[in-house]
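**Q** In the working numbering, the protein residues as written are 382 to 869. Each residue gets a CB set at the ideal place from its N, CA and C atoms; glycine is no exception. I have a structure I would like to understand better, so I am pasting it below and will then ask my questions one at a time.
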């Protein structure tokens, strides 16, 4: 939880600390290079975790992966420098210097390395050591960002250098501790590069096409935004996306928990149906509660959280928040399909969504007969929303049909919370806008948000208490849950 809070603080401060141009470069480089590194990884990190979890005594699995990762990292760097030298990437990265581009790449490389280190520890059922390391990492970066913000001297290159240095040091320490302890605990077992290459590739081969499509679309969407809309629109979308990331801290853990619960009762059709329907209801009400409120109150929330520079991007925020609602719903569907091993259907629907994304690049982001200049930050948001809406709807309908849940129930399940939260938020927006609150700058906006939030929460809470079936529980169950919470 502490890691989440620290990360939230950093992500809220960065748009304030950077100029709009620098923040646009930061988000563009982060999105593009994270996708590039994931492509180069060939899903070998998934193979590492799956195999090492069963063979903790075989350090050769880790040694091979590290050699592979270093080779891929060097190859990507060499390719990047070659493409820049021949002039291919200069326009792609909006005139950024080679040093800035390379440092942006190194950030993505070391971030992926650290993530893989943590996954290796998870495979060994060790969580405390990497958790402490992550806290130290986040605290150090937070101190740097806060100091740079208040001193007015935070620069993108400086942030990159600090991120790379601290992250790489932590990753190396974690790897050294792991390898040293494993060598003491077990007899060294390493079957060689050729053996592990074949083993890893056999595992990853079915996943590589889907990974390629998904990461390629991320690169194309961000390139289209930067190329046709410019760095300012990239920054605006980056800010709106931060709100999506904040909400993901709410629904990601629940989706993972649901996956485990679905797996446990996968052979009990009645219980599985009830649990799936309840999860859909809980997820859409919880996510809609936050997303709709943020959408309607964005004219006050944006200046408070990100500063006056981004006060006018409310439309981008609205589109991203509606995407977030269906993103969360899609995660419940995905958790069910993975837990019950419906992997072929899941892969088909996911690939369909990614292909739709490519189509929507031409419709919403590129200049065309409908929108002569494209839609900029709103366009990439519409791309995410429309593709995800279609893919998620197909997935949920597919699952519900197998359970015999009528389509009408699915439609009402979505519209009920969205319409109720929208009407309540709109009324509160109008009322709080005319309240005679003295102009106190940010405190004025914060007070309006708090007043609206209290009434909004109380109103929805009362409605759900009177109608608990909308979230898939009985009134007696809800009362018992509230009593336990009060007593505990």
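Assign residue 438 to buried or exposed, taking buried as 16 or more other Cβ atoms, counted over all protein chains shown, within 10 Å of its Cβ.
**A** Within the chain shown, residue 438 is the residue found at index 57, counting from 1. Under this definition residue 438 is an exposed residue.
**Q** Would you mind sorting residue 511 into buried or exposed? The rule is 16 or more other CB atoms within 10 Å of its CB.
**A** To locate residue 511, count along the chain shown from 1; it is residue 130. Its Cβ being crowded by 16 or more others within 10 Å, residue 511 is buried.
**Q** Compute the beta-carbon to beta-carbon distance between residue 474 and residue 577, rounded to the nearest angstrom, for a pair I have assumed lies under 8 Å.
**A** For this step, residue 474 is matched to residue 93 along the chain shown. For this step, residue 577 is matched to residue 196 along the chain shown. 35 Å between Cβ atoms; not a contact.
**Q** As an exercise, report each continuous alpha helix (DSSP H) stretch of at least 4 residues that is fully enclosed by the segment 496-559, in chain order.
**A** With a minimum length of 4 residues, the continuous alpha helix (DSSP H) runs that stay inside the segment 496-559 are 509-532.
**Q** When the Cα of residue 418 is compared with those of 396, 788 and 497, which residue comes out closest?
**A** Walking along the chain shown from the start, residue 418 turns up at place 37. Answer by Cα proximity: 497.
**Q** Return yes when the Cβ of residue 407 is within less than 8 Å of the Cβ of residue 537, no when it is not.
**A** Mapped onto the chain shown, residue 537 falls at position 156. Mapped onto the chain shown, residue 407 falls at position 26. Cβ atoms of residue 537 and residue 407: closer than 8 Å.
**Q** Residue 698 by DSSP, collapsed to three states: which one?
**A** Position 317 of the chain shown holds residue 698. In the structure shown, residue 698 sits in a helix (DSSP, three-state: H, G or I).
**Q** By DSSP, does residue 776 sit in helix, in strand, or in coil?
**A** Your numbering for residue 776 matches position 395 in the chain shown. In the structure shown, residue 776 sits in a helix (DSSP, three-state: H, G or I).
**Q** Taking C-alpha atoms, which residue in 589, 613, 781 and 535 lies nearest to residue 653?
**A** On the chain shown, position 272 is the one that residue 653 refers to. It is 781 whose Cα lies nearest to the Cα of residue 653.
**Q** Report all residues from its chain with a CB closer than 6 Å to the CB of residue 686; omit the five preceding and five following residues, and keep chain order.
**A** For the purposes of this step, residue 686 is identified with residue 305 of the chain shown, where counting begins at 1. Here the set comprises 393.
**Q** Please report the residue range of the alpha helix (DSSP H) in which residue 752 lies.
**A** In the chain shown, the residue the question calls residue 752 occupies position 371. First-last for residue 752: undefined, no H or E at that position.
**Q** Using the Cα positions of residue 485 and residue 479, report the straight-line distance between them to the nearest angstrom.
**A** Here residue 485 refers to the residue found at position 104 when the chain shown is read from its first residue. Here residue 479 refers to the residue found at position 98 when the chain shown is read from its first residue. For residue 485 and residue 479, the distance between alpha carbons rounds to 10 Å.
**Q** Taking three-plus beta-carbon pairs below 8 Å as touching, is the segment 579-598 in contact with the segment 422-430?
**A** Output reads yes: the segment 422-430 touches the segment 579-598.
**Q** Write down the C-beta distance between residue 699 and residue 676 rounded to the nearest angstrom, noting that I regard them as a contact closer than 8 Å.
**A** Within the chain shown, residue 699 is the residue found at index 318, counting from 1. Within the chain shown, residue 676 is the residue found at index 295, counting from 1. Correct: roughly 4 Å between the Cβ atoms.
**Q** Does DSSP put residue 650 in a helix, in a strand, or in coil?
**A** Along the chain shown, read from residue 1 onward, the residue named residue 650 stands at position 269. Here residue 650 sits in helix by DSSP.
**Q** Express the C-alpha separation of residue 752 and residue 683 in angstroms, rounding to a whole number.
**A** Position 302 of the chain shown, counted from the first residue, corresponds to residue 683. Position 371 of the chain shown, counted from the first residue, corresponds to residue 752. Rounded to whole angstroms, residue 683 to residue 752 spans 27 Å at the Cα level.
**Q** Kindly provide the ranges of any alpha helix (DSSP H) runs that are 4 or more residues long and lie completely inside the segment 412-484, ordered along the chain.
**A** With a minimum length of 4 residues, the continuous alpha helix (DSSP H) runs that stay inside the segment 412-484 are 425-433 and 441-466.
**Q** Please confirm whether residue 433 and residue 501 have their CB atoms less than 8 Å apart.
**A** Residue numbering aside, residue 433 sits at position 52 when the chain shown is read from its first letter. Residue numbering aside, residue 501 sits at position 120 when the chain shown is read from its first letter. Result yes, Cβ atoms of residue 433 and residue 501 sit closer than 8 Å.
**Q** Do residue 738 and residue 602 have their CB atoms nearer than 8 Å?
**A** To locate residue 738, count along the chain shown from 1; it is residue 357. To locate residue 602, count along the chain shown from 1; it is residue 221. Yes, the Cβ-Cβ distance between residue 738 and residue 602 is below 8 Å.
**Q** What are the start and end residues of the alpha helix (DSSP H) that includes residue 577?
**A** Working through the chain shown from its first residue, we reach residue 577 at position 196. Note, residue 577: alpha helix (DSSP H), 574-585.
**Q** Starting from residue 614, trace the alpha helix (DSSP H) in both directions and tell me its first and last residue.
**A** Position 233 of the chain shown, counting from 1, holds the residue named residue 614. From DSSP, the alpha helix (DSSP H) with residue 614 extends over 612-645.
**Q** Whose C-alpha, out of 710, 451, 736 and 723, is nearest the C-alpha of residue 792?
**A** For the purposes of this step, residue 792 is taken as residue 411 along the chain shown, with counting starting at 1. Residue 792 has its Cα closest to that of 710, out of 710, 451, 736 and 723.
**Q** How close, in whole Å, do the beta carbons of residue 735 and residue 595 come, if the pair is a contact with beta carbons under 8 Å?
**A** Against the chain shown, residue 735 aligns to sequence position 354. Against the chain shown, residue 595 aligns to sequence position 214. 5 Å between Cβ atoms; contact.
**Q** So is residue 824 buried or exposed if we call it buried at 16+ other beta carbons inside 10 Å?
**A** On the chain shown, residue 824 is found 443 positions in, with the first residue counted as 1. Classification for residue 824: exposed.
**Q** Return yes when the Cβ of residue 833 is within less than 8 Å of the Cβ of residue 809, no when it is not.
**A** The residue given as residue 809 occupies position 428 in the chain shown. The residue given as residue 833 occupies position 452 in the chain shown. In contact: residue 809 and residue 833 (Cβ atoms closer than 8 Å).
**Q** Residue 566 to residue 447, Cα distance in whole Å?
**A** Taking the first residue of the chain shown as 1, we reach residue 566 at position 185. Taking the first residue of the chain shown as 1, we reach residue 447 at position 66. Their backbone Cα atoms lie some 20 Å apart in a straight line.
**Q** So is residue 670 buried or exposed if we call it buried at 16+ other beta carbons inside 10 Å?
**A** In the chain shown, counting from the first residue as 1, residue 670 sits at position 289. Label assigned to residue 670: buried.
**Q** Quick test of the definition: if touching needs 3 or more C-beta pairs under 8 Å, does the segment 642-649 touch the segment 761-779?
**A** No contact exists between the segment 642-649 and the segment 761-779.
**Q** Can you give the beta carbon distance from residue 440 to residue 519, rounded, assuming they're within the 8 Å contact cut?
**A** For this step, residue 440 is matched to residue 59 along the chain shown. For this step, residue 519 is matched to residue 138 along the chain shown. With 8 Å as the limit, residue 440 and residue 519 do not qualify as a contact, their Cβ atoms being about 29 Å apart.
**Q** Expressed to the nearest angstrom, what Euclidean distance is found between the alpha-carbon atoms of residue 436 and residue 443?
**A** Stepping through the chain shown from its first residue, residue 436 is reached at position 55. Stepping through the chain shown from its first residue, residue 443 is reached at position 62. So the two alpha carbons sit approximately 11 Å from each other.
**Q** On a Cα-Cα basis, can you pick out the residue from 772, 692 and 750 that is closest to residue 726?
**A** Taking the chain shown and counting its residues from 1, the one referred to as residue 726 is at position 345. For residue 726, the nearest C-alpha among the options comes from 772.
**Q** By alpha-carbon positions, which one of 391, 416, 453 and 816 ends up nearest to residue 524?
**A** Position 143 of the chain shown, counted from the start, is the residue given in the question as residue 524. Answer by Cα proximity: 391.
**Q** Rounded to whole angstroms, what's the CA-CA distance from residue 452 to residue 490? Just pull it up for me.
**A** The residue you call residue 452 lines up with position 71 of the chain shown. The residue you call residue 490 lines up with position 109 of the chain shown. If I take the Cα positions, the gap works out to 12 Å.
**Q** In chain order, what residues of the same chain have a beta carbon less than 6 Å from the beta carbon of residue 665, not counting five sequence neighbours either side?
**A** As a working mapping, residue 665 is identified with position 284 in the chain shown. Closer than 6 Å at the Cβ level, and outside the excluded window around residue 665, lie 710 and 798.
**Q** Compute the Euclidean distance between the alpha carbons of residue 757 and residue 765, then round it to the nearest angstrom.
**A** Sequence index remark: in the chain shown, residue 757 carries index 376 (1-based). Sequence index remark: in the chain shown, residue 765 carries index 384 (1-based). So the two alpha carbons sit approximately 13 Å from each other.
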